[in-house]
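Asker: I'd like to ask you about the structure that follows.
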Amino acid sequence: MHDKIISMTGNNNKTEHILVCISSSPSNPKVITAASEMAKVYNALFTALYIETSKTLTEDNKKRLYDNTRLAKQNGAKIVTVNGDDIPFQVSQYAKASRATKIIIGRSGYKPSRFFTPPNFIDKLIGLTPDIEIYVIPDKAQKLYIGQKHNEQFKLPKMSLKDALKSITVLIAVTLISSIFRMLNIDEANIIMIYILAVVLIAYITDSKIFSIVSSLLSVMIFNFFFIIPYHSLEVYGSEYSVTFVIMFLVALFASIIAKKFKEQAELSSLKAYRTEVMLEMSQKLQQFGMKNEINEVTREQLKKLLNCNVDLFTNKNDDEIVNWVFDNNQQAGNTTENFSQSVNFYLPISNVNKVFAVVKIEKNEISEFEKSLLIAMLRESALAYEKDAISQLKNELMIKNNQEELRSTLLRAISHDLRTPLTGISGYAELLLKNSSKITDNKKQEIYTDIYDDSIWLLNLVENLLSITRFDRNEITLKKESESVSDVISEALSHLGRKKDDFIIKTKIEDETLCAKMDGKLISQVIFNLVDNAMKYSPCNTTVTVGAKAVTDYIEISVEDEGNGIKDEDKEKIFDMFYTVNNSITDGRRGLGLGLALCKAVVEAHGGEIEIKDNSPKGTIFSFKLKGEANE
Ligand code: ADP
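Be aware that the sequence shown starts at 89, since it is given in our numbering, and climbs by one per residue.
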């Protein structure tokens with residue numbers, strides 16, 4: 089019955105949120121396991137929270153923290169790291185913000201302080217989060233752990249010579265100032281204040297707490313030695329001075345501890361602000377630049393900035409065994425992980441669930457939990473950018489495929505009508521010649537032959553275009569790309585122009601005869617043929633048609649210029665649509681099928697290029713398209 093009630097509550101669409109606190113304590117695994125079991129029973133959201141303080145962890149504690157974090161992850165927890173020294177306060181803040189309903193902690197959260205005992209961790213947390221249920225998991229190992237921690241705490245603090253010199257200088261300086269005060273008969277209470285100020289200053293400018301303690305003690309002794317009768321002796325007449333010294337020592341000490349804490353907090357928050365800034369900068373840059381190589385560069389640069397060490401990014405497998413392993417397994421590797429833990433570097437995948445886009449190699453062996461969580465958030469941003477790039481490529485491919493689908497269905501409908509006209513012409517003329525040959529004059533016969541020839545050439549070109557369009561059939565573009573000489577491909581196209589070209593001045597303007605590009609030579613030659621054929625179709629006789637080719641940065645640009653009728657702006661977009669023809673006064677009066685430019689566009693786009701129209705000056709049109717140069721393929 090009891091089980092039933094629990095599972096009914098548990099099925100409540102994950103409204104329960106269980107928060108467990110991770111620590112480096114040996115008892116923490118027990119707490120995590122208990123919390124994970126509870127999360128399962130309640131079907132709850134499960135978060136493991138680590139509060140990273142400004143204190144440096146020992147190697148043992150770091151290892152335990154890593155193991156505990158991994159255990160929480162294995163048990164399905166979302167790992168969150170928050171920075172701050174006031175652990176119960178940070179836990180309560182996060183619990184409220186994330187709407188946690190239950191907090192599970194061990195007794196290890198309590199840390200005895202050297203100078204005063206703060207309210208018990210659990211009591212403080214209860215006080216701060218009165219609306220959240222708190223479960224405490226007791227543990228016997230705790231005593232042992234606290235014992236170990238005491239040993240750690242009594243290790244000799246680190247002292248630097250520089251800090252010692254700074255402290256001595258400050259104490260000498262205030263002693264000199266106090267001597268002047270003394271000469272000016274200023275009250276000794278003011279001298280005490282100056283010494284307290286000096287101790288606070290020392291606490292702020294030095295790194296170790298030992299300087300605060302020693303300078304508090306020294307300031308009392310110096311004050312006694314120089315300014316209290318008997319001078320130049322540590323003896324004291326009268327007991328009220330002893331009280332003064334104790335109070336002076338305590339005030340100096342507390343003031344310096346507060347100053348130190350303030351400094352640490354300020355440093356921590358400025359570091360945090362810097363790192364958050366790096367992260368924001370990264371997401372801004374990623375939005376700005378969408379190409380793959382730009383994403384690589386931005387990610388690498390920002391990670392370098394965040395971690396202040398060398399970072400490499402690989403988008404493909406290489407001869408580094410660990411990089412390849414990360415690509416195959418989509419998991420972290422290197423130091424601080426269990427995979428290739430002997431490596432001095434840290435490896436992370438930039439990935440989504442299905443795909444590893446890149447692998448980063450971080451040449452740093454100390455990465456804090458806070459840095460790690462930012463790092464992972466940054467890599468998530470970067471993975472999103474890679475994903476976006478991949479999707480836009482896929483979209484382009486799909487668009488081409490979709491166009492082909494449309495192409496096929498409209499093709500058959502339109503074609504049957506348009507083929508009839510020239511075929512009727514050819515068969516009619518042939519019949520005339522067969523039946524009435526003797527009655528037709530030689531001149532008339534010449535005219536009929538020419539008409540039959542023109543019609544059949546028109547049909548041949550049409551069939552040629554149709555055949556090419558069907559090469560784009562079956563959802564697959566079958567380009568036979570090979571390295572071709574641009575000049576040869578243009579000559580090939582011009583050689584098929586037929587008798588009509590004699591009525592025009594056809595010029596070629598090829599910048600460099602050695603220009604080469606990877607292309608399907610037959611299709612590109614057909615594109616050039618169509619463009620030149622159009623140029624002649626829509627221009628008056630005896631005008632010039634120029635076919636040009638030149639290298640533009642990494643591309644080769646091929647253009648066809650005419651001095652014809654030109655194309656109105658409103659038609660410029662549409663003429664590439666299949667079967668779209670403009671009502672144009674065509675010189676030979678034959679109606680176009682509207683296939684030529686559609687094929688040109690499809691072929692150029694299948695080569696990864698784009699076809700453009702510009703007005704020629706003073707008259708006519710320029711069609712141009714770009715192909716990737718040899719080096720770019
Ligand atoms: P078609 O020439 O068979 O009609 P196209 O697809 O080749 O089909 O061309 C579509 C339309 O674009 C043509 O009907 C014509 O009006 C216009 N056009 C193409 N090339 C030129 C050009 N060089 N000058 C003027 N108009 C042109």
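Each residue gets a CB set at the ideal place from its N, CA and C atoms; glycine is no exception.
Here the structure is a predicted model, which means the values were calculated and not measured.
Taking the straight line between their C-alpha atoms, what separation do you get for residue 222 and residue 136?
Answerer: 14 Å
Asker: Do residue 620 and residue 640 have their C-beta atoms within less than 9 Å of each other?
Answerer: no
Asker: If residue 448 and residue 436 are in contact, beta carbons under 8 Å, what's the gap, nearest whole angstrom?
Answerer: 5 Å
Asker: Below 8 Å CB to CB, which residues in the same chain sit around residue 247 once its five sequence neighbours on both sides are set aside?
Answerer: 296, 298 and 299
Asker: Is it true that the region 125-140 meets the region 427-442, where meeting means three or more beta-carbon pairs spaced less than 8 Å apart?
Answerer: Inter-segment contact for the region 125-140 and the region 427-442 is absent: fewer than three beta-carbon pairs are separated by less than 8 Å.
Asker: Please give the ranges of any alpha helix (DSSP H) in the region 150-190, keeping only runs that are unbroken, at least 4 residues long and fully inside the region.
Answerer: 175-185
Asker: From 121, 646, 141 and 694, pick the residue whose C-alpha is nearest to that of residue 359; which is it?
Answerer: 141
Asker: Apart from the five residues on each side of it in sequence, which residues of its chain come closer than 7 Å, Cβ to Cβ, to residue 601?
Answerer: 575
Asker: So, at 7 Å on beta carbons, what are the nonlocal neighbours of residue 470 in its own chain, with the 5 sequence-adjacent residues on each side left out?
Answerer: Excluding sequence neighbours, residue 470 sits near 374, 383, 387 and 438.
Asker: Express the C-alpha separation of residue 683 and residue 550 in angstroms, rounding to a whole number.
Answerer: 8 Å
Asker: So, using beta-carbon positions, are residue 177 and residue 193 closer together than 9 Å?
Answerer: For residue 177 and residue 193, no; Cβs fall outside 9 Å.
Asker: So, using beta-carbon positions, are residue 623 and residue 599 closer together than 9 Å?
Answerer: no
Asker: Secondary structure at residue 540, three-state DSSP: helix, strand or coil?
Answerer: Helix.
Asker: Which of the three DSSP states, helix, strand or coil, is assigned to residue 437?
Answerer: strand
Asker: For the beta strand (DSSP E) that contains residue 132, what are its first and last residues?
Answerer: Note, residue 132: premise wrong, no beta strand (DSSP E); not H, not E.
Asker: With C-beta atoms as the reference, is residue 547 less than 9 Å away from residue 585?
Answerer: no
Asker: Find out if the Cβ-Cβ distance for the pair residue 344, residue 308 is shorter than 9 Å.
Answerer: no
Asker: In chain order, what residues of the same chain lie with their CB nearer than 8 Å to the CB of residue 431, ignoring the 5 residues before and after it?
Answerer: 410, 421, 422 and 423
Asker: Let me make sure I understand the geometry here. Which of 553, 605, 554 and 567 has the alpha-carbon closest to that of residue 578?
Answerer: 605
Asker: Who are the near neighbours of residue 242 in its chain, counting only those whose CB is closer than 7 Å to its CB and skipping five residues on each side?
Answerer: With a pLDDT of only 44 at residue 242, under 50, the local geometry of the prediction cannot be trusted, and no value is derived from it.
Asker: In this structure, how does DSSP classify residue 260 when only helix, strand and coil are distinguished?
Answerer: helix
Asker: Sort 711, 369, 540 and 351 by Cα distance to residue 292 and report the nearest one.
Answerer: When each option's Cα is compared against that of residue 292, the closest is 351.
Asker: With DSSP as the reference, label residue 324 as helix, strand or coil.
Answerer: coil
Asker: State the Cα-Cα distance for the pair residue 311 and residue 365, rounded to the nearest angstrom.
Answerer: 47 Å
Asker: May I have the straight-line CA-CA distance separating residue 592 from residue 611, to the nearest angstrom?
Answerer: 24 Å
Asker: Indicate, with yes or no, if the ligand ADP has a heavy atom lying under 8 Å from the CB of residue 702.
Answerer: Flag unset: Cβ of residue 702 not near the ligand ADP.
Asker: What does the alpha-carbon distance come out to for the pair residue 405 and residue 472?
Answerer: 20 Å
Asker: For the putative contact between residue 303 and residue 313, defined by C-beta atoms under 8 Å, what is the C-beta separation to the nearest angstrom?
Answerer: About 15 Å separates the two Cβ atoms, so there is no contact after all.
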